Amino acid sequence: MRIGVLSESRPGERRVALPPDAVTALCAAEDTTVIVQAGAGRHLHATDDDYRAVGAQIADSAESIAAEVDLLTVVNPPEASVITAMRPGSSLLGLLNPFQEHRAMLTARDHGVTTYALELVPRISRAQSVDALSSQALVAGYRAALVGADLLPRFFPLFMTAAGTIPPARVLVLGAGVAGLQAIATARRLGAVVSGYDVRAAAADEVRSLGATFIELNLETQEGTGGYAKSQSADFASRQHAALAPYVADADVVITTAAIPGRTAPLLVTEEMVAKMRPGSVVVDLAAQSGGNCALSKPGETGVFGGVSVWGGADVPSQLPVHASKLYGANISAFVALLKAGDEQDEILSGSRVTQGGRFVHEAVRKALAPDEPEPEPAVKTEPAAQPGPDRTDEPEQGE
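Printed below as a string of structure tokens:
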């Protein structure tokens, strides 16, 4: 297998799909060649010579790499010119954002490129090693707590000094998935008094396990599929805002992390709620790029409203590119192992496959981008021959 690694070209993107340590293991296999675009690791302080030292080849042009490889690995969808340079039947793997990146997905379909979107990986136990959403959410949650501490014009921890006692900051985290739990853990390490909230009942124990207080709003839970929350009605959102308002007003830092892949982020903090926060308080919105949990946040910007700083996250994992790339590279490497195994009907591969053979093969994406395209014929899975040994059961689903 020939694997390509591009130098990411989008403004603000500093990660790379495969850092040198991930390439080491891939190049150790006799049947694998890795070709890296020159400068791909520059934001990780990894030179082209670092890649050569672990067995990779270096090429200058993204299009030339795309034309030569069997699998092109990316963080974000590449330019259309790169996709059209790929050979029909070759594969593109990354965080492809298929519901929003219409042009890239349609181009890949029309040129017979097979695409795998890591956002669509089914949330089952054995898929944890390829779960890039979780690995990158961990980075974002950590970063969110640091941003809150940086913008807040006071200490996070309690200090008892000869000059007096300084009480700890109060941090409220809305959304207790991977990002929210990491934000809670990091804020706690920094010495803040932390509370958390999530619409999913299962999150309460996870929040408490980190030493934070779980906020009970006495609202019905909103459990969705795959470990995510489901979309909320206007009535529920209104009642939720009213119940959250006093907790938001009392917080020094509010960190919002609620996001559902492929959908607009739920509004959790309204303008009126921000107006009731104390001057000097901070809102850190990790969901700004998908619509925003805070009505006032804008991606990549920090606004000040009545003395309250509102930070809108943009490319947040890229702000810590070394470890974000390390974790992402491990996800990509695990996915490559599944591709090499050759079982196209593997649940992880089939669940994340978007295009193949000139068609959309992922039903939800097909309905969103090409509703007039006929449904693909159902695949016939060949049952393997029975092997002696103990019975096995399917592993349970695992959410964030």
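Residues in the sequence shown are numbered from 1 upward in steps of one, following this note's numbering. A virtual CB, placed ideally from N, CA and C, is assigned to each residue, including glycine. Predicted model only: the values in this text are computed from it and were never measured.
One or two residues paired with residue i in a DSSP bridge
i           : result
residue 159 : 166
residue 304 : 309
residue 256 : 174 and 285
residue 355 : 115 and 360
residue 197 : 174
residue 184 : Paired residue(s): none; residue 184 is not in a bridge.
residue 4   : 35 and 72
Residue i versus residue j: straight-line alpha-carbon distance, rounded
i           : j           : result
residue 60  : residue 268 : 45 Å
residue 361 : residue 153 : 51 Å
residue 184 : residue 372 : 45 Å
residue 235 : residue 304 : 29 Å
residue 330 : residue 131 : 10 Å
residue 299 : residue 264 : 14 Å
residue 344 : residue 357 : 13 Å
residue 112 : residue 27  : 27 Å
residue 2   : residue 29  : 11 Å
residue 46  : residue 38  : 11 Å
residue 206 : residue 36  : 40 Å
residue 212 : residue 6   : 41 Å
residue 242 : residue 210 : 26 Å
residue 165 : residue 156 : 13 Å
residue 14  : residue 48  : 16 Å
residue 354 : residue 277 : 44 Å
residue 66  : residue 310 : 41 Å
residue 91  : residue 129 : 20 Å
residue 238 : residue 174 : 16 Å
residue 134 : residue 275 : 33 Å
residue 334 : residue 350 : 15 Å
residue 40  : residue 342 : 29 Å
residue 96  : residue 365 : 12 Å
residue 50  : residue 58  : 11 Å
residue 69  : residue 176 : 40 Å
residue 187 : residue 359 : 46 Å
residue 127 : residue 336 : 13 Å
Test item: CB-CB of residue i and residue j under 8 Å
i           : j           : result
residue 34  : residue 23  : yes
residue 141 : residue 257 : yes
residue 119 : residue 75  : no
residue 145 : residue 190 : yes
residue 266 : residue 232 : yes
residue 192 : residue 171 : yes
residue 103 : residue 80  : yes
residue 94  : residue 114 : no
residue 281 : residue 252 : yes
residue 136 : residue 324 : yes
residue 73  : residue 107 : no
residue 55  : residue 318 : no
residue 197 : residue 138 : no
residue 214 : residue 202 : no
residue 352 : residue 121 : yes
residue 347 : residue 124 : yes
residue 147 : residue 284 : yes
residue 247 : residue 195 : yes
residue 420 : residue 327 : The structure shown does not extend to residue 420, since the chain spans only 1 to 400, so no value can be given for it.
residue 338 : residue 71  : no
residue 101 : residue 82  : no
residue 143 : residue 254 : no
residue 295 : residue 270 : yes
Cβ-based burial, residue i [other Cβ within 10 Å; buried from 16]
i           : result
residue 180 : buried
residue 78  : buried
residue 109 : buried
residue 321 : buried
residue 18  : buried
residue 218 : exposed
residue 86  : buried
residue 31  : exposed
residue 98  : buried
residue 307 : exposed
residue 182 : buried
residue 158 : exposed
residue 10  : exposed
residue 161 : exposed
residue 312 : buried
residue 208 : exposed
residue 4   : buried
residue 20  : buried
residue 163 : exposed
Beta carbon proximity, residue i to chain C, threshold 8 Å
i          : result
residue 29 : Looking for chain C here will not work: only one protein chain is present.
inquiry  = Please give me, in chain order, every unbroken run of the beta strand (DSSP E) with length at least 3 that falls completely inside the segment 49-135.
reply    = 57-59, 71-73, 91-94 and 114-117
task = Write down every uninterrupted run of the beta strand (DSSP E) in the segment 312-356 whose length is 3 residues or greater and which is fully enclosed by it, in chain order.
result = 353-356
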